[in-house]
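Numbering (our numbering), first residue to last: 1423 to 1733.
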């Protein structure tokens, strides 16, 4: 940490520190001098250097755990954009997409709020390994639980049980002989369910195909959006450092390769949802490469689709 001066009469230490911490360092050196009763005071001097400083992101008790997740994969270079800011939302939300149940979400939220309310007490105690890990990530778990409640309301699942929270189901049986939602022949008698999945899907014969398809398509849209976010962040980093090579030979190829396949698939998903088409997207994506000249038939979602796929 310290090296001996050429005169061999004092010790010299060099290091990096944030600009705002200069006064704190001086105060710490003064206290050390007084407490050690040294006759020679410590000297603090700012040195000019051409070396690139190490990366430092100022965090607090809420953002520190999210920043540690990002740093586990790699630390951004000095003056690069910090992806930890976006991770505060994307990480817990992507978890909630897989863990969508507002009953379980409420239970986790209550447990996490207890840790947050009593955080001063827990911080002063020696905790076990598992408890210490949970306490350190209490704000991450809180965000996960909040988003799980939100996605659980979308999936309409409360401990895997559906509820008619916002309105009655938009579908009903054709006649009195139809006893439940597993019977074929339901008709739409009301407006579309205002928020989330219509409860009539739960318990029906089409429950798994419908919900699995919904969650898979949602995952594709969210995953492609997150990957595009990372690609555009690399563009702004390259633009900031005026690195034209990274823009043309990294950003542009990544953007083209990702969106020519998965971006196009995301567009097809949105069009299919908006139009109610019966097109098979698996068939569209596979035969776009195997048989690009074949007639698309009912798999055509919009005019000029075949021409676009040629390109």
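Every residue gets a Cβ at the ideal spot worked out from N, C-alpha and C, and that includes glycine. In this text, all values refer to a predicted model and were calculated from it rather than measured experimentally.
Over the uninterrupted alpha helix (DSSP H) stretch that includes residue i, give me the two end residues.
i: residue 1634; result: 1629-1662
i: residue 1696; result: 1686-1697
i: residue 1493; result: 1486-1495
i: residue 1525; result: 1524-1539
i: residue 1458; result: 1444-1458
i: residue 1731; result: 1727-1732
i: residue 1514; result: 1506-1520
i: residue 1674; result: 1674-1680
i: residue 1624; result: From DSSP, residue 1624 is part of no alpha helix (DSSP H); its letter is neither H nor E.
i: residue 1500; result: No alpha helix (DSSP H) holds residue 1500; DSSP gives it neither H nor E.
i: residue 1558; result: 1551-1558
i: residue 1708; result: 1703-1712
From residue i to residue j, what distance separates their C-alpha atoms?
i: residue 1440; j: residue 1446; result: 10 Å
i: residue 1560; j: residue 1524; result: 18 Å
i: residue 1624; j: residue 1582; result: 9 Å
i: residue 1467; j: residue 1444; result: 10 Å
i: residue 1470; j: residue 1477; result: 17 Å
i: residue 1731; j: residue 1700; result: 19 Å
i: residue 1643; j: residue 1707; result: 16 Å
i: residue 1639; j: residue 1450; result: 56 Å
i: residue 1532; j: residue 1563; result: 11 Å
i: residue 1647; j: residue 1430; result: 60 Å
i: residue 1570; j: residue 1453; result: 49 Å
i: residue 1481; j: residue 1491; result: 13 Å
i: residue 1679; j: residue 1579; result: 37 Å
i: residue 1586; j: residue 1594; result: 14 Å
i: residue 1684; j: residue 1651; result: 14 Å
i: residue 1460; j: residue 1448; result: 16 Å
i: residue 1716; j: residue 1729; result: 12 Å
i: residue 1633; j: residue 1620; result: 11 Å
i: residue 1696; j: residue 1628; result: 20 Å
i: residue 1542; j: residue 1522; result: 31 Å
i: residue 1494; j: residue 1718; result: 46 Å
i: residue 1622; j: residue 1630; result: 13 Å
i: residue 1486; j: residue 1618; result: 33 Å
i: residue 1698; j: residue 1714; result: 24 Å
i: residue 1536; j: residue 1554; result: 14 Å
i: residue 1694; j: residue 1667; result: 38 Å
i: residue 1608; j: residue 1712; result: 39 Å
i: residue 1512; j: residue 1538; result: 22 Å
Between residue i and the rest of its own chain, which residues show a CB-CB distance below 8 Å, the 5 nearest in sequence each way excluded?
i: residue 1424; result: 1433, 1434 and 1435
i: residue 1641; result: 1519
i: residue 1497; result: 1477
i: residue 1616; result: 1588 and 1589
i: residue 1705; result: 1721
i: residue 1649; result: 1680 and 1684
List the residues that DSSP assigns as beta-bridge partners of residue i.
i: residue 1580; result: 1583
i: residue 1426; result: 1433
i: residue 1593; result: 1610
Can you list, in chain order, the residues of its chain whose CB lies under 7 Å from that of residue i, leaving out five sequence neighbours each side?
i: residue 1475; result: 1438 and 1500
i: residue 1677; result: 1653
i: residue 1709; result: 1716
i: residue 1549; result: 1557
i: residue 1604; result: Residue placement at residue 1604 is poorly supported in this model, since its pLDDT is 48, which falls under 50; the coordinates are not used for a value here.
i: residue 1637; result: none
i: residue 1426; result: 1433
Please go through the same chain and pick out, in chain order, the residues whose beta-carbon is closer than 6 Å to the beta-carbon of residue i, but skip the five residues on each side of it.
i: residue 1517; result: 1566
i: residue 1669; result: 1660
i: residue 1455; result: 1463 and 1464
i: residue 1510; result: 1488
i: residue 1662; result: none
i: residue 1544; result: 1557
i: residue 1515; result: 1569
i: residue 1703; result: 1690
i: residue 1484; result: 1561
_Segment contact, 8 Å Cβ cut-off, at least three pairs: the segment 1721-1728 with the segment 1680-1698_ = yes
_Pairs of beta-carbons, one from the segment 1498-1512 and one from the segment 1644-1660, closer than 8 Å: are there three or more?_
yes
_Below 8 Å, how does it come out for the segment 1569-1577 and the segment 1520-1531: are there three or more Cβ pairs, yes or no?_
yes
_Taking 8 Å as the cut-off, does the segment 1611-1620 touch the segment 1580-1594 (at least 3 CB pairs, one atom from each stretch)?_
The answer is yes - the segment 1611-1620 touches the segment 1580-1594, with three or more Cβ pairs under 8 Å.
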